[in-house]
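Working notes, beginning with the structure itself.
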Amino acid sequence: MAAAAARWNHVWVGTETGILKGVNLQRKQAANFTAGGQPRREEAVSALCWGTGGETQ
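What follows is the structure, encoded as structure tokens:
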């Protein structure tokens, strides 16, 4: 179910507390894509990468 919901996000946000959020700008909704439990700063999102090396956007 998470994979189906993830495709509708326009923006991905990583937080310093370790939560990965997907944001749908049309619906003005944000959803967490991090496993349950208490987020920890040691698991902070510090970089997001996607695509291939040839992509420039």
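Once you know that position 44 of the sequence shown is 43 in numbering that gives the first Met the number 0, the rest is easy, because the numbers rise by one and skip nothing. Think of the CB as a built atom: it goes at the ideal place given N, C-alpha and C, for glycine as much as any other residue. These figures come from a predicted structure and were not determined experimentally.
Does the Cβ of glycine 21 have 16 or more other Cβ atoms within 10 Å, making it buried, or fewer, making it exposed?
Classification of glycine 21: buried, given that the 10 Å Cβ count is 16 or more.
Answer yes or no: do leucine 24 and histidine 9 have a C-beta to C-beta separation smaller than 8 angstroms?
Contact flag set, yes.
Distance, Cα to Cα, glycine 36 vs glycine 17?
Each residue's Cα considered, the two are about 11 angstroms apart.
Thinking C-beta only, is alanine 43 closer than 8 angstroms to glutamate 15?
Yes, they are a contact pair.
With H, G and I counted as helix, E and B as strand and the rest as coil, what does DSSP make of alanine 34?
Here alanine 34 sits in coil by DSSP.
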